[in-house]
């Protein structure tokens, strides 16, 4: 299979009408692409291919904007001024199966997945010429497995129902275990099968990272702590609480970070491009990036999306997070850096999430440990709110509500609320209160019509529009 045919069966129609020359991945320089008719032979080929995967992952059409925005915009924490139409259809649930954001997420997610599959497949037959080459290629394979799992996880949670005993046999997405040849027939599998492959890929990523000579990578890449963080998030969503606790602790230990407790340190995490002590994995930006209308930052600071006043009011008056979220709205966490309001590093995994995963898991495991749940909650809440009286948090089932609230306040603008509300079965108000009592757990985004109409086997989710808010 050639790179030029990557996911041809899935993407041909959409690519033909949507990719312009300036955006076309296949026209990128050698630092972000590989010759499309050639096999991966040298270590540089594998590095170039992996760079291309990160380029795709960080595109505004995936984690660089769309996925993180869709994780917040259509929930109970946002408002939209209609300053522009950007993400207004998502915010208002004016959803069609031709929605461009949904098309982009599906296409770019699978594009990244298929490229990862190619690295994995060709890496398995790599022959070492120079000592150390094999370890370098195996490091690329480790990251490819991790990215493949990450993309599959997001797609499963957008286009499939949240994991549960009742939902796990329902249709999820297409599992990809090796590169997809052009014109192949493909089909969606169950949510349970999707999660099984995600966990398998995480296990493989760990195995390859553990191979002799394979080095860890920085926080702008899917490093060892990020793999563990992904495992923790996946297992929390699956209600595998013991597994989530263990994986989150592994991520905490491997990251070697700390949770900040001052306004200045908190602001610096979002208004500079420096790696913070809370970062585990982020989409890195450069100071001179020019994304304009396509930036997540622009969506939040100019194009109408904001955190609603009811959510801001939930923060304690002296909470350090109000240094960015309080007062006149200027973009919140996504206001950009001092010299460029269109960019900031975009967090995918941070240390506070790991503590909150542990807190929730301790409170919900088969034998709840509410004391440990409170302890882990305070690792975040007490450092954000200097006025917090920990005596007000009881060591009983009510701590679960405190954890839910802290997740909402801590992870705001980072693409979590939609997925959290679904997995927790929340009944919420959306579109700034236009729709109330919305059972968001029943809603899934439609498979893009270009995919369904391509004739290569992917079917639409039956009755998806019946679960739109009314």
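Numbering (the numbering used here), first residue to last: 623 to 1092. Cβ atoms here follow ideal geometry from the backbone N, Cα and C, with glycine treated the same way. Note that the structure is predicted; figures quoted are calculated from it, not measured.
Contact under 8 Å by Cβ, residue i with residue j
i: residue 830; j: residue 767; result: yes
i: residue 923; j: residue 891; result: no
i: residue 977; j: residue 1001; result: yes
i: residue 981; j: residue 1015; result: no
i: residue 737; j: residue 661; result: no
i: residue 862; j: residue 907; result: no
i: residue 851; j: residue 902; result: yes
i: residue 899; j: residue 875; result: no
i: residue 1033; j: residue 975; result: yes
i: residue 828; j: residue 757; result: no
i: residue 699; j: residue 996; result: no
i: residue 965; j: residue 999; result: no
i: residue 1054; j: residue 702; result: yes
i: residue 918; j: residue 934; result: no
i: residue 771; j: residue 823; result: yes
i: residue 858; j: residue 979; result: yes
i: residue 1100; j: residue 1006; result: With the chain covering 623 to 1092 only, the question about residue 1100 has no answer from this structure.
i: residue 961; j: residue 909; result: yes
i: residue 844; j: residue 716; result: no
i: residue 755; j: residue 894; result: no
i: residue 751; j: residue 1080; result: no
i: residue 762; j: residue 842; result: no
i: residue 791; j: residue 782; result: no
i: residue 803; j: residue 739; result: no
i: residue 1008; j: residue 940; result: yes
Span of the beta strand (DSSP E), counted from its first residue to its last, around residue i
i: residue 1012; result: Careful: residue 1012 lies outside any beta strand (DSSP E) and carries neither H nor E.
i: residue 1026; result: From DSSP, residue 1026 is part of no beta strand (DSSP E) but of the alpha helix (DSSP H) over 1021–1032.
i: residue 1059; result: 1057–1061
i: residue 1049; result: 1049–1052
i: residue 668; result: No beta strand (DSSP E) holds residue 668; the alpha helix (DSSP H) holding it covers 665–680.
Range covered by the alpha helix (DSSP H) that runs through residue i
i: residue 1044; result: 1039–1045
i: residue 774; result: 755–781
i: residue 905; result: Residue 905 -> not in any alpha helix (DSSP H); beta strand (DSSP E) instead, spanning 901–905.
i: residue 747; result: First-last for residue 747: undefined, no H or E at that position.
i: residue 683; result: Looking at the DSSP string, residue 683 is not in any alpha helix (DSSP H), and its letter there is neither H nor E.
i: residue 984; result: 973–986
i: residue 1002; result: 992–1006
i: residue 898; result: Unbroken run through residue 898: none, as it is neither H nor E.
i: residue 1074; result: 1071–1074
i: residue 712; result: 710–713
In DSSP terms, what residue i is bridged to
i: residue 702; result: 927
i: residue 793; result: 812
Cβ-Cβ separation, residue j to residue i (assumed contact under 8 Å), whole Å
i: residue 949; j: residue 929; result: The pair is not a contact, with the Cβ atoms about 12 Å apart (cut-off 8 Å).
i: residue 794; j: residue 812; result: 6 Å
i: residue 1067; j: residue 780; result: 5 Å
i: residue 888; j: residue 882; result: 5 Å
i: residue 730; j: residue 683; result: 4 Å
i: residue 1072; j: residue 1089; result: 22 Å between Cβ atoms; not a contact.
i: residue 810; j: residue 796; result: 6 Å
i: residue 926; j: residue 706; result: 6 Å
i: residue 713; j: residue 695; result: 5 Å
i: residue 605; j: residue 1070; result: The chain is shown only over 623 to 1092; residue 605 falls outside these bounds and no answer can be derived.
i: residue 819; j: residue 774; result: 7 Å
i: residue 776; j: residue 689; result: 5 Å
i: residue 870; j: residue 854; result: 4 Å
i: residue 1040; j: residue 692; result: 7 Å
i: residue 987; j: residue 864; result: 6 Å
i: residue 674; j: residue 680; result: The Cβ separation is near 11 Å, so there is no contact.
i: residue 760; j: residue 836; result: 5 Å
Chain B within 8 Å of residue i, Cβ atoms only
i: residue 1060; result: Going by chain labels, chain B is absent from the structure shown, which holds only one protein chain.
*asked:* Please give me, in chain order, every unbroken run of the alpha helix (DSSP H) with length at least 4 that falls completely inside the segment 832–879.
replied: 846–859, 863–877
*At what residue ranges does the segment 918–971 contain a whole run of the alpha helix (DSSP H), taking only runs of 4 or more?*
918–923, 931–934, 944–947
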